[in-house]
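Count along the sequence shown from 1, then add 14; that gives the number in this note's numbering.
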Amino acid sequence: MNEPVSSRPSSGTHVGEPDSSLEDELLSVGDIDGVAAIGICGVEPLTQSLEIIEKRKDAGLHGGMNFTYRNPVRSTDPRTGLPSAQSAIVVAHSYSPATSEASDADSARVARYAAQDAYRRLRDVLDLIRSKLTARGYRGVPVADSNALVDRAMAHRAGLGWFGKNTNLLVPGVGSWVVLGTVLTDAKLTKSTRDQLAQNQSAQDQSAGQCGRCDRCLTECPTGALIEPGVLDAGRCLSWLLQIEGSFPRQFREALGDRIYGCDDCQEVCPPNRSAPEVVIELSSTGSRVNLEWLLTAGDSELMAEVGGWYIPNREPRYVRRNALVVLGNSGRSDKPAVDLVRAYLESPDTMLVEHAAWTARRLGLFELLELPDFRDHPAVKAELAFRDPR
Ligand code: B12
Ligand code: SF4
Ligand code: SF4
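What follows is the structure, given as structure tokens:
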């Protein structure tokens with residue numbers, strides 16, 4: 015059980031007439047197992063986040079992402095979710111730092127937040143907060159991982175933690191193995207004192223204070239996506255590259271390793287995460303490893319029934335198969351089932367998949383397959399055979 019970060023402060027700023035017994039009741043949700051931190055804050059626009067998002071967009075660091083980049087003004091105005099909002103209750107819910115099944119060359123790895131039903135547990139807690147509000151005649155609108163609000167900035171404003179150099183929000187004593195969500199309400203609640211602190215300090219200062227001289231996430235990121243403390247180039251981040259349309263960029267295919275969804279490296283190396291609590295959360299439909307042969311042979315509806323909770327470009331299963339082909343290429347396998355899979359994809363009517371299958375064949379050293387008369391004249395195979403690695 016964790017202490018709520020923001021129990022009702024004695025010197026908080028009051029908005030109108032705060033309902034203090036309601037605050038106590040809401041903050042008591044922090045006693046629920048798995049809730050790492052809870053806080054209350056105001057709903058003024060997140061002007062600093064707006065500036066940062068626009069600056070990164072201008073610099074091309076969004077790598078084509080939409081999410082909060084689609085309409086940054088809306089995503090940084092908490093009142094987008096509830097125009098009559100007066101306050102926000104923000105929750106960080108832990109997920110387990112250790113769920114991974116032993117790795118093997120037959121399967122692909124799912125990041126921890128997606129291997130567990132972390133968002134379902136978070137949403138249950140947000141719903142509980144909403145029901146406490148409605149029981150008192152107020153409105154409550156839960157928002158989590160949607161394009162309507164920048165969750166980390168709200169959590170920071172509510173005093174839940176600091177922005178790490180890996181851009182994640184770290185809860186003191188818990189770390190970053192948390193998912194974040196907010197309930198917007200028209201109730202006037204006392205703000206946390208950290209809200210004031212957050213407004214007076216730049217993100218840079220706060221990071222330097224709490225991460226100290228550590229820079230492990232920057233140096234250990236497999237693609238160098240953290241280009242400066244707190245600055246992510248999405249065009250290099252494996253977690254995003256798994257979600258983009260078109261080809262998986264060739265220069266990052268080897269670095270993808272066995273990841274099929276998400277990437278945890280910048281959290282796994284993070285020293286504060288060593289104190290993360292063990293939280294028992296049901297596994298999601300995929301769990302932490304998914305069989306590669308199944309990924310590459312399942313029909314569209316079967317595949318989407320299992321992995322439909324993932325962000326998949328245009329909801330097109332071919333992108334899951336594209337990613338699985340890259341993982342197969344990195345598996346080091348040359349057994350018959352693996353060769354048969356590559357062969358089947360070289361026969362695909364989908365040129366993007368043939369292109370990836372040709373890369374996979376080459377990576378696995380299956381040149382004789384690419385040279386077969388059936389395949390060697392395909393433009394994607396020809397291009398693969400002609401490719402000279404500039405490294
Ligand atoms: C787009 C998105 C992504 C993108 C881009 C992430 C990014 N860092 O920009 C991709 C697909 C890569 C991604 C990956 C992941 N994501 Co994501 N993602 C989002 C989403 C939808 C929007 C984030 C956003 O607006 N980014 C815009 C940029 C400008 O904001 P930012 O990077 O967070 O920057 C803030 C701070 O870093 C700080 N800051 C700015 N400058 C500086 C400078 C310094 C020095 C410092 C220290 C800080 C700092 O201010 C910024 C603005 O608030 C949110 C959900 C939501 N609606 O908010 C989830 C969210 C951020 N993701 C989450 C998770 C769990 C992940 C992954 C761990 C999943 C995984 N295992 O693969 C990785 C982590 C990768 C990483 N290092 O960020 C959680 C984060 C939880 C936490 N503890 O922070 C969120 C909040 C979802 C949720 N509701 O829980 N994600
Ligand atoms: S999620 Fe992976 S690729 Fe992205 S910044 Fe973190 S370590 Fe790098
Ligand atoms: S690895 Fe080090 S620098 Fe990176 S977020 Fe964790 S403590 Fe901060």
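Built from N, CA and C at the ideal position, the CB exists for glycine as well.
- For S108 against A50, the beta-carbon gap comes to about 5 Å, under 8 Å, which counts as contact.
- A residue is called buried once 16 or more other Cβ atoms fall within 10 Å of its Cβ, and T90 is buried on that count.
- Contact annotation, G244 with K179: C-beta distance approximately 6 Å; criterion of less than 8 Å satisfied.
- Sorted by chain position, residues whose beta-carbon lies closer than 5 Å to a non-hydrogen atom of ligand 3 are G178, K179, N180, C225, C228, R230, C231, C284.
- For A129, the uninterrupted alpha helix (DSSP H) run begins and ends at 126-129, by DSSP.
- A distance below 7 Å between beta-carbons, with the five flanking residues on each side excluded, links S63 to the following residues of its chain, in chain order: T90, V164, A167.
- When secondary structure is reduced to three states using DSSP, H370 falls in the helix class.
- For N305, the enclosing beta strand (DSSP E) covers residues 303-305.
- Distances from the alpha-carbon of G78 to those of D388, W373, G322, R250 put R250 closest.
- Taking a cut-off of 8 Å for Cβ pairs, the stretch 193-201 and the stretch 136-155 touch, as three or more such pairs fall below it.
- Fully enclosed alpha helix (DSSP H) runs of no fewer than 4 residues occupy 230-234, 252-255, 267-270, 279-282 of the stretch 219-298, in order along the chain.
- The C-beta distance from L339 to A371 rounds to 6 Å, short enough to fall under 8 Å.
- Looking only at F389, R84, L140, R93, the smallest Cα-Cα distance to V193 is reached by L140.
- Looking at the DSSP output, W176 bridges to L184.
- Contact between the stretch 81-98 and the stretch 263-275 is not established, with fewer than three Cβ pairs separated by less than 8 Å.
- Here A112 is actually not in contact with G276; their C-beta atoms are around 16 Å apart, not less than 8 Å.
- Listed in chain order, the non-local C-beta contacts of R347 below 7 Å within the same chain comprise A119, L378, local neighbours out to five positions each way being set aside.
- Separation of R376 and E398 (C-alpha to C-alpha, rounded to the nearest whole angstrom) is 8 Å.
- A distance below 9 Å separates the beta carbons of V124 and S302.
- Taking the Cβ of D314 as the reference point, every heavy atom of ligand 1 lies at 8 Å or farther away.
- When the beta-carbon positions are compared, Q100 and L36 stay at least 9 Å from each other.
- When the five nearest sequence neighbours on each side are left out, the beta carbons in the same chain lying within less than 7 Å of the beta carbon of R70 are those of H76, in order along the chain.
- Excluding its 5 nearest sequence neighbours in each direction, T61 has C-beta neighbours in its own chain below 8 Å: T90, listed in chain order.
- Between G53 and G189, the C-beta spacing is not below 9 Å.
- Boundaries for S42: no alpha helix (DSSP H) harbours it, and the DSSP string shows neither H nor E there.
- For the pair V43 and A102, the CB atoms are not nearer than the 9 Å cut-off.
- Annotation: T90 is outside any alpha helix (DSSP H) and is labelled neither H nor E by DSSP.
- A direct Cα-Cα distance of roughly 7 Å separates V283 from E234.
- Closest option to A162, judged by alpha-carbon separation, among N80, P286, H392: N80.
- Boundaries of the alpha helix (DSSP H) around S63: 61-72.
- Annotation for A167 indicates a beta carbon within 8 Å of some heavy atom of ligand 1.
- Here the alpha carbons of N337 and G343 stand approximately 10 Å from one another.
- Closest in C-alpha terms to A352, from the list Q130, H392, A239, L310, comes L310.
- Relative to ligand 2, the nearest heavy atom lies less than 8 Å away from the CB of W254.
- Taking the Cα of R273 as reference, the smallest distance to any Cα among N287, L256, P286 is reached at L256.
- When secondary structure is reduced to three states using DSSP, V57 falls in the coil class, being assigned neither helix nor strand.
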